[in-house]
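End of the sequence shown = 507 in our numbering, gap-free, step of one. Glycine included, each C-beta is placed from N, C-alpha and C at the ideal position.
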Amino acid sequence: MGLKTPLYDLHVEQGAKIVDFGGWDMPLHYGSQLEEHHAVRRDAGMFDVSHMAVVDLTGGRCRDFLRVLLANDVARLKDFGKALYTCMLKPDGGVIDDLIVYRLADTWYRLVVNAGTRDKDLDWIRAHAVEFGVTVLERTDVAIIAVQGPNARHKAATLLELAQQPAVLEQKPFSGAAFGSWFVARTGYTGEDGFEIMLPAADATDAWRRLLERGVQPAGLGARDTLRLEAGMNLYGNDMDEQHHPLESALGWTVAFEPADRDFIGRAALQKARQAGCDRLVGLLLEERGVLRSHQKVLAAGVAGAGMVTSGTFSPTLNRSIALARVPNATGAAVQVEIRGKMHAARVVKPPFVRHGKTMIEI
145 MGLKTPLYDL
155 HVEQGAKIVD
165 FGGWDMPLHY
175 GSQLEEHHAV
185 RRDAGMFDVS
195 HMAVVDLTGG
205 RCRDFLRVLL
215 ANDVARLKDF
225 GKALYTCMLK
235 PDGGVIDDLI
245 VYRLADTWYR
255 LVVNAGTRDK
265 DLDWIRAHAV
275 EFGVTVLERT
285 DVAIIAVQGP
295 NARHKAATLL
305 ELAQQPAVLE
315 QKPFSGAAFG
325 SWFVARTGYT
335 GEDGFEIMLP
345 AADATDAWRR
355 LLERGVQPAG
365 LGARDTLRLE
375 AGMNLYGNDM
385 DEQHHPLESA
395 LGWTVAFEPA
405 DRDFIGRAAL
415 QKARQAGCDR
425 LVGLLLEERG
435 VLRSHQKVLA
445 AGVAGAGMVT
455 SGTFSPTLNR
465 SIALARVPNA
475 TGAAVQVEIR
485 GKMHAARVVK
495 PPFVRHGKTM
505 IEI
């Protein structure tokens, strides 16, 4: 038996297919992964993401600590509630995890890290926090419900008191604010608008049921994966890991090389990689029938070495097979992917494939 979120019993009650995910018993789908995917693209769906770890950092040197710990620069967070996407790196540049950090006060920052990397993340953070006198608290009392889709924010806002609803709807993307004991952030992992709501675990079941009453479709890990891949969003352990650095994982935009005197962990290794050149992560659109899956070999005419699909799926929105793949830097616009021993033509494209319900590539 795996770890269970506060919503586990409700998932079982609703007929979810439960699978192991990073040691947690999580819903894969509630009957139709396809319907759940389309509900998020067209209306509103909700995901239990309480398996992810909420970590609060407090102390007078929090900002200094995070400017060393993270590849992106928390000095960019000028206002309370603003969020930043970043990676936490090893000295050799390998990605320990990707995460979101919120600035809640001058002496209080909140991290949301992945479930499968929770233990190693906490060990790494705590080991480096000692020097800065930063207190690290894992918030095991908190659940997270992600409500995503074109109608998600308005449906979710009705859970709050009437007087609070205008403020939550006026929130800018990649920011969050407290509404009583709830922290509501305008973030997500689907390529659609919506909220990620961090709330007391004791409130989670009631909030989920109230969202159901408002026509929000429960969605599982299956739809979450097809949605994030259509949106061109990396999955830790597939598209990035400790063996690859952000520059070869299409995450160079998350690395703040300026100011030049900020010596974050992994900086020296990334500067060498930037000068030397490296493989790159690209999008693929299969030109023939078939399904792209991770670990398939990718070849390009006239280019030495092979690439590899890191994440692949059949896109319900595009009705085509899509993928992310790490390929040699010299790879051009056309490649061949080995599927079950046969080579299939694919086109190199720039993700995202779909964003806010719209096709972003030429089909």
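Status (buried if at least 16 other CB within 10 Å, exposed otherwise) for residue i
i      : result
Met170 : buried
His488 : buried
Val274 : exposed
Asp383 : buried
Thr370 : buried
Arg433 : exposed
Met145 : exposed
Arg247 : buried
Pro362 : buried
Pro460 : buried
Ser176 : exposed
Gln292 : buried
Asn295 : buried
Ser281 : The question names Ser, but residue 281 in the sequence shown is Leu. With fewer than 16 other Cβ atoms within 10 Å, it is exposed.
Pro235 : exposed
His500 : exposed
Asp192 : buried
Ser325 : exposed
Residue i (DSSP reduced to helix, strand or coil)
i      : result
Arg433 : coil
Pro390 : helix
Lys234 : coil
Leu443 : strand
Glu179 : helix
Tyr174 : coil
Arg499 : strand
Leu365 : helix
Ala345 : helix
Gly381 : coil
His488 : strand
Arg470 : strand
Asp200 : strand
Arg358 : coil
Lys226 : strand
Thr398 : helix
Gln315 : coil
Thr457 : strand
Arg372 : helix
Ile269 : helix
Phe323 : strand
Arg411 : helix
Glu305 : coil
Leu116 : Here the chain has residues from 145 to 507 only, and residue 116 is not among them.
Leu214 : strand
Arg464 : strand
Glu275 : helix
Ala478 : strand
Ala329 : strand
Cβ pair residue i, residue j closer than 7 Å
i      : j      : result
Ala249 : Ser319 : no
Val278 : Gly203 : yes
Ala490 : Glu431 : yes
Leu255 : Thr230 : no
Leu210 : Val198 : no
Gly189 : Glu180 : yes
Ala493 : Gln440 : The question names Ala, but residue 493 in the sequence shown is Val. No, these two residues do not count as a Cβ contact at 7 Å.
His182 : Gly366 : no
Pro150 : Ala329 : no
Thr349 : Glu340 : no
Arg509 : Lys299 : Missing from the structure shown is residue 509; the chain here goes from 145 to 507 and no further.
Leu391 : Cys422 : yes
Asn216 : Ala400 : yes
Phe497 : Glu374 : yes
Ser438 : Gly449 : no
Arg470 : Thr454 : yes
Arg207 : Phe276 : no
Ala90  : Thr475 : What is shown of the chain runs 145 to 507, which leaves residue 90 out entirely.
Ala394 : Leu425 : yes
Thr517 : Asp242 : Any question about residue 517 goes unanswered here, given that the chain covers just 145 to 507.
His472 : Gly376 : Note that residue 472 is Pro in the sequence shown, not His. Cβ atoms of Pro472 and Gly376: not closer than 7 Å.
Opposing strand residues paired with residue i [DSSP bridges]
i      : result
Lys161 : His173
Arg424 : Val471
Met190 : Val291 and Pro362
Val280 : Leu201
Met452 : Lys441 and Arg470
Phe339 : Val291
Ile483 : Lys486
Val493 : Gly427
Trp168 : Leu147 and Phe165
**Request:** Return the chain-ordered ranges of every alpha helix (DSSP H) run that is complete within the stretch 235 to 259 and spans a minimum of 4 residues.
**Result:** none
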